[in-house]
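The next block holds one structure in the form of structure tokens; read it before the comments.
Shown next as structure tokens:
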């Protein structure tokens with residue numbers, strides 16, 4: 001065969017130049033990769049090098065004529081592209097060379113380009129007018145290795161729990177009738193209790209292993225079984241049991257904790273009232289100490305002061321009731337008191353009214369109800385008195401003198417629940433992503449009207465873009481929550497204000513992420529996603545309320561922002577205007593240096609993929625928002641606007657700061673985690689997921705960065721393109737990535753995920 | 001009382017300056033309002049004017065000392081602000097003046113500022129440290145007038161329909177069992193049919209009024225009753241009946257249309273297949289003409305080629321089946337054929353298998369099912385043959401020679417359904433907004449820890465921001481769809497390609513809007529929003545699928561974009577690469593002139609509120625996206641990338657164009673509509689809603705405008721602030737605005753909306 005216009009040395013580079021220029025893939029760093037390969041290539045002579053290097057000028061790209069000649073060379077060769085080759089483009093080039101020079105050595109230099117540019121067959125296979133063997137998924141990475149990273153220290157607990165879940169009682173079925181559904185979930189929770197899973201976070205003396213992080217890990221797995229199961233489990237062992245463990249003292253632990261863990265005693269956590277959702281400090285239920293009878297009288301004063309949405313309300317024997325404790329005519333603030341609800345025959349006790357909350361958008365396996373108390377009397381010992389007690393002489397005593405601080409100390413002990421809520425929502429998102437990806441790897445729609453087979457929907461760029469950044473985010477948030485749980489459980493750090501504030505923000509950001517992801521997955525599965533049998537519909541209904549319960553997201557973000565403003569010194573959960581303001585006045589300075597205009601238009605992939613850039617951008621945003629927020633509040637105050645009103649006026653700014661901080665925190669934690677991965681192959685993969693997360697987040701908030709002049713228009717566009725391109729690059733590995741979530745096969749019961 | 005530092009003339013301006021500067025409300029246009037008032041004020045002497053004018057310099061704002069003195073003057077006066085005064089700030093000023101000068105005349109000039117600046121008590125009441133009488137809602141506008149505008153020409157049909165709906169059979173109840181739910185909905189549909197509502201869009205001869213627009217108006221009202229009812233109604237009368245009306249000929253009309261309208265004949269519309277959702281042209285069901293027996297044989301070739309999600313599948317006697325018509329061995333493309341499914345006893349006929357689709361995320365009152373045909377024989381007359389017939393001699397004939405064009409002509413006749421889908425989704429959003437607003441006007445949470453009563457959540461800026469732009473959008477989309485329906489129904493315009501393309505984009509944009517709005521409302525109602533009794537949960541589940549059915553939104557936006565690229569000359573619904581490409585080559589030019597840098601940082605409210613600015617910004621975006629898209633495609637093609645692949649590569653760009661165009665279209669239609677409102681008071685209100693819509697949309701896409709240099713950073717920030725401020729300005733009227741949607745009292749059954 002006669003050589004077409006090119007020397008054999010140049011010929012082998014043609015496919016690379018063809019691919020590179022067809023997509024305008026070149027950026028400065030990419031030019032340098034190709035340049036280095038050419039310069040180091042001992043097979044080329046200097047004329048060939050000169051010729052090739054002349055095709056690397058972004059300012060003066062090869063002419064259309066040149067480009068068409070390349071295309072012609074490739075097409076007429078009839079060489080096939082084999083995607084499963086280790087270096088498909090290099091192999092292709094070599095086979096192209098072989099046509100004209102069978103005895104030539106393979107040019108081993110070429111693969112340097114392929115490795116360093118990260119170009120993959122799905123980037124360019126459409127350019128080759130020859131049959132290609134598509135691969136649905138690549139086995140370059142192993143999902144079990146990813147799963148091992150995610151399980152981390154809980155591997156043995158998680159593995160045994162996964163096997164345990166593989167039994168009939170945990171099989172997912174459609175349950176439409178709430179009574180039947182609730183009974184089923186009750187049986188599931190009871191079994192988990194019997195087997196010791198409920199007590200995991202309790203001390204060993206009460207049947208536990210004192211291991212909150214592992215408890216959280218298995219909790220997430222319950223989402224793969226059913227959302228109602230996860231929530232009822234959390235109510236019984238985490239909220240009700242947790243209130244006894246954290247707010248009670250030894251007498252309560254001895255009397256109740258063991259039975260609670262084993263589900264012998266069913267209880268509920270009665271905090272929220274119809275009239276008071278987010279503002280717990282404002283609950284109206286009273287607990288009045290009566291010295292005469294040495295008892296506490298629990299009472300619901302008005303018709304809207306009942307407890308509401310109380311999970312387990314219909315199955316419980318007892319409730320942990322949050323009420324205003326009044327001792328000797330003085331309101332000592334909100335405390336928790338154990339109040340029996342029902343007798344052994346499961347009849348309501350005198351003075352107690354319970355009403356079913358009825359059907360909900362989701363979680364219909366959870367028996368939520370309203371509870372009213374009419375002068376219900378319980379012994380003094382029922383006060384959970386770790387932080388505030390009524391002494392034998394009938395006086396109130398607490399080591400925490402400040403009632404505000406006391407209240408928030410009590411609430412703070414329950415923050416573990418917020419981490420679990422975020423973990424549960426994340427589990428739902430992982431499940432939906434797994435189903436949607438598996439569906440997209442089977443489902444075909446449309447084609448080029450030439451070939452018979454339609455295209456997999458996973459091969460559509462819009463489909464990649466809607467699912468891939470969400471998968472990357474799920475990885476980032478997984479490790480973020482692992483780290484937060486470990487900080488929260490670290491007893492050597494008693495001051496948890498910072499962790500609590502951080503968790504408030506993360507809970508909001510992650511539960512919103514989960515909801516939008518599940519919605520995206522529903523739509524990505526089309527009509528199939530709408531059928532209950534395919535599980536996404538239930539996830540959607542169940543996870544929806546995660547944005548509201550355990551603290552409404554908008555309220556939590558404002559708490560987080562106030563924490564940031566006060567450098568985490570304000571009382572957590574506090575309306576806390578005063579403490580924030582006090583601290584504000586000392587902190588009104590920021591040393592953000594003038595932005596470098598070159599930096600703000602740097603679009604090179606080396607720069608855009610550099611963690612230093614991401615960290616700087618995230619940190620800049622948090623600091624800038626903090627500073628401008630503080631300035632705005634101070635200006636209002638200086639003008640005499642009352643502090644409450646001043647904070648109202650900057651509400652949207654507070655939300656923006658809370659989000660920005662949470663995203664920065666997630667990225668930082670994830671980046672630190674990545675550095676600890678010893679296997680380089682997987683470390684690089686994880687870092688790349690982190691890069692996609694970072695760029696996706698920066699893209700989402702480009703408006704703000706553009707307004708600040710931190711990004712120029714070119715940079716903003718370049719980031720958008722990089723997000724699209726990274727999403728495409730993950731395409732061959734996307735099934736491995738979702739399999740890495742480790743959702744047991746027996747939980748992936750959706751017909752479309754088979 | 002001694003006059004504090006100021007002359008009486010100046011004193012009366014103090015409250016205004018205090019309000020204006022406390023919020024930095026001043027922009028150039030606002031300065032001019034105040035300036036003009038001062039200049040025209042005959043009460044003031046020239047020294048006073050000079051003093052006052054000196055306080056109007058944005059570059060040199062009054063000092064904090066000055067400001068505090070104003071505050072002191074106001075506070076120490078003890079004068080109360082009465083929000084219900086017609087001009088509250090003017091009255092306040094006058095009462096302040098009266099303290100010092102009882103015999104002075106009221107300064108009537110002042111109200112000029114209040115009227116022209118649009119400042120309202122909720123902007124500034126927090127600045128007055130005196131008791132204010134809050135008003136929950138203003139009666140400045142009347143909801144019935146708004147409702148009248150929305151009803152437009154359909155007032156009498158809508159009014160009588162609303163009364164008709166007020167009967168027990170249409171009372172909303174929780175229905176969990178699908179069989180019971182479906183039977184209930186069937187009874188409702190039957191009653192509507194009997195009363196003639198189903199046939200409204202049919203010709204008079206078949207029981208109708210030939211009035212598609214009124215049909216669409218009553219259709220939207222069914223969403224207020226129940227989503228399942230609306231959808232089943234649409235399937236029976238719109239899709240099934242519509243296929244007979246639009247694709248059939250007189251013989252079909254005579255035989256079927258009257259009975260269909262009266263619900264004597266229940267039918268379904270069997271188009272979608274399990275393997276083919278969006279790609280209708282690829283359906284696999286065959287309809288083979290057998291000349292021997294003069295009949296057509298309907299057959300499902302493979303196991304995934306069954307019809308799926310077919311509404312009414314379990315109740316129907318007959319189906320309008322879309323299948324590949326094969327005559328004399330030649331595939332003539334997709335045609336609709338009437339195929340009886342069941343006999344009088346409601347038993348399935350030979351060769352037909354129907355399977356229940358089971359439970360879904362929503363719409364469980366609709367009996368969706370799968371249908372398989374095994375060599376089912378129907379007479380030749382059953383072919384709906386308006387656009388393609390089988391002649392007596394057994395040959396195929398159509399006046400539309402091009403099979404592509406023929407197919408899309410058939411589909412095009414069904415576009416009315418897409419308008420109804422968008423209207424239905426919009427109805428759901430209106431309902432959710434009404435419930436959320438009414439809840440927010442009752443629900444109180446948190447306060448300033450000073451006063452006893454907590455604040456209405458509607459008074460929180462974040463709450464205003466999450467609901468108000470959505471309300472404005474609902475008004476804009478309402479009139480957009482009214483106009484599209486009227487264009488679609490205009491028989492004097494036979495070429496509907498443009499309308500069809502526009503409807504494709506609008507359906508996507510509006511159904512997405514509806515879903516995100518309903519979600520926002522759910523969260524805005526907290527836990528209450530999660531309870532089924534409060535209706536939002538059902539709306540969420542029901543409307544969710546509107547993004548998918550009658551064309552997946554992502555697919556529709558791409559169709560819309562291709563239409564725009566080809567200036568609406570391409571075949572609608574066509575994959576149509578070739579026709580688009582042909583037209584592209586002639587249109588690659590755009591005369592967008594260089595942007596004026598002053599314009600890109602103009603932040604004056606006069607400019608930002610000017611419809612010319614909105615129109616220019618929307619138009620600029622559409623044109624720019626069209627031009628760059630065309631350039632990108634051409635460049636790919638020039639490089640030899642096959643057209644199908646080139647379109648894949650620009651998929652996200654296509655989506656952006658489809659959205660941009662639809663938003664521009666909505667705004668234009670709404671602006672044109674506003675100009676026709678004769679009552680100035682309501683015209684101004686509507687225009688203001690349009691302004692909020694426009695700024696909200698521009699804000700949503702600020703990133704893009706910033707990237708293009710069309711907005712500078714300052715302008716982008718100013719737009720964001722204007723959206724927040726407009727949302728606050730609508731606060732006193734927000735209940736009237738949702739009442740204006742005209743949802744009948746008997747439909748607002750949610751306990752939280754009482």
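Protein chains in written order, with UniProt numbering: chain A, 1 to 754; chain B, 1 to 754. Glycine residues also receive a C-beta, built at the ideal position from the N, C-alpha and C atoms. Predicted model only: the values in this text are computed from it and were never measured.
- Separation of the CB atoms of residue 480 of chain A and residue 741 of chain A is rounded to 15 Å, and the pair is thereby denied contact status at 8 Å.
- Within its own chain, the residues whose Cβ lies closer than 8 Å to the Cβ of residue 172 of chain A, once the five positions on either side in sequence are excluded, are 225, 226, 535, 747 and 749, listed in chain order.
- For residue 172 of chain A, the three-state secondary structure derived from DSSP is coil.
- When C-beta distances to chain B are compared with 7 Å, every residue of the segment 733-750 of chain A stays at or above that value.
- Residues of the same chain with a CB within less than 6 Å of the CB of residue 93 of chain A, apart from the 5 flanking positions on each side, are 12, 15 and 110 in chain order.
- Taking a contact as a CB-CB distance under 8 Å, the pair residue 298 of chain A and residue 321 of chain A counts as one, their CB atoms being some 6 Å apart.
- The Cβ atoms of residue 726 of chain B and residue 698 of chain B lie no closer than 9 Å to each other.
- Not one beta carbon of chain A lies nearer than 9 Å to the beta carbon of residue 471 of chain B.
- The C-beta of residue 115 of chain B has fewer than 16 other C-beta atoms within 10 Å across all chains shown, which makes the residue exposed.
- Contact between residue 456 of chain B and residue 466 of chain B does not hold, since their C-beta atoms are separated by about 15 Å, which reaches or exceeds 8 Å.
- In the three-state DSSP reduction, residue 224 of chain B falls in the helix class (H, G or I).
- In this chain, the alpha helix (DSSP H) harbouring residue 703 of chain B covers 702-708.
- With a 10 Å radius around the Cβ and a threshold of 16 neighbouring Cβ atoms, residue 751 of chain A comes out exposed.
- In this structure, residue 233 of chain B sits near residue 198 of chain B, with a CB-CB distance shorter than 9 Å.
- Separation of residue 164 of chain A and residue 642 of chain B (C-alpha to C-alpha, rounded to the nearest whole angstrom) is 53 Å.
- Chain-order list of chain A residues neighbouring residue 552 of chain B: 526, by C-beta distance under 7 Å.
- By the rule that beta-carbons nearer than 9 Å mark a contact, residue 519 of chain B touches chain A.
- Here residue 463 of chain B carries a helix assignment [DSSP, helix/strand/coil].
- When only Cα atoms are considered, residue 231 of chain B and residue 218 of chain B end up about 13 Å apart.
- For residue 714 of chain B, there is no enclosing beta strand (DSSP E); the residue is found in the alpha helix (DSSP H) stretching over 713-729.
- Shown here, residue 302 of chain B sits in coil according to DSSP, grouped into three states, outside any helix or strand.
- For the UniProt domain "Acyl-CoA oxidase C-alpha1" (412-564) of chain B, the continuous alpha helix (DSSP H) assignments of 4+ residues that do not extend past its boundaries occur at 415-440, 461-488, 497-524, 526-530 and 536-544, in sequence order.
- Chain B has no Cβ within less than 9 Å of the Cβ of residue 372 of chain A.
- Contacts with chain B (Cβ-Cβ distance below 8 Å) from the segment 169-182 of chain A involve 174, 176, 177 and 178, listed in chain order.
- Contact between the segment 253-261 of chain A and the segment 182-191 of chain A is not established, with fewer than three Cβ pairs separated by less than 8 Å.
- The C-alpha of residue 508 of chain A is placed about 5 Å away from the C-alpha of residue 553 of chain A.
- In this chain, the beta strand (DSSP E) harbouring residue 336 of chain B covers 330-340.
- The residues 722, in chain order, have a CB closer than 6 Å to that of residue 608 of chain B in the same chain once the five nearest residues on each side in sequence are set aside.
- Any Cβ of chain B closer than 9 Å to the Cβ of residue 625 of chain A would place that residue at the interface, and such an atom is absent.
- Residue 708 of chain B reaches chain A at 713, counting residues in chain order whose Cβ is nearer than 7 Å.
- Interface with chain B (9 Å Cβ-Cβ cutoff): residue 665 of chain A is excluded.
- Its chain contains 70, 71, 74 and 127 as the residues whose beta carbon lies nearer than 7 Å to that of residue 18 of chain A, once the 5 sequence neighbours on both sides are disregarded; these appear in chain order.
- Between the segment 394-410 of chain A and the segment 260-277 of chain A there are fewer than three C-beta pairs closer than 8 Å, too few to call the two in contact.
- Between the segment 492-505 of chain B and the segment 415-422 of chain B there are three or more inter-stretch CB-CB distances shorter than 8 Å, so the stretches are counted as touching.
- The Cβ atoms of residue 488 of chain B and residue 396 of chain B lie no closer than 9 Å to each other.
- Annotated as distal: residue 247 of chain A and residue 475 of chain A, with beta-carbon spacing of 9 Å or more.
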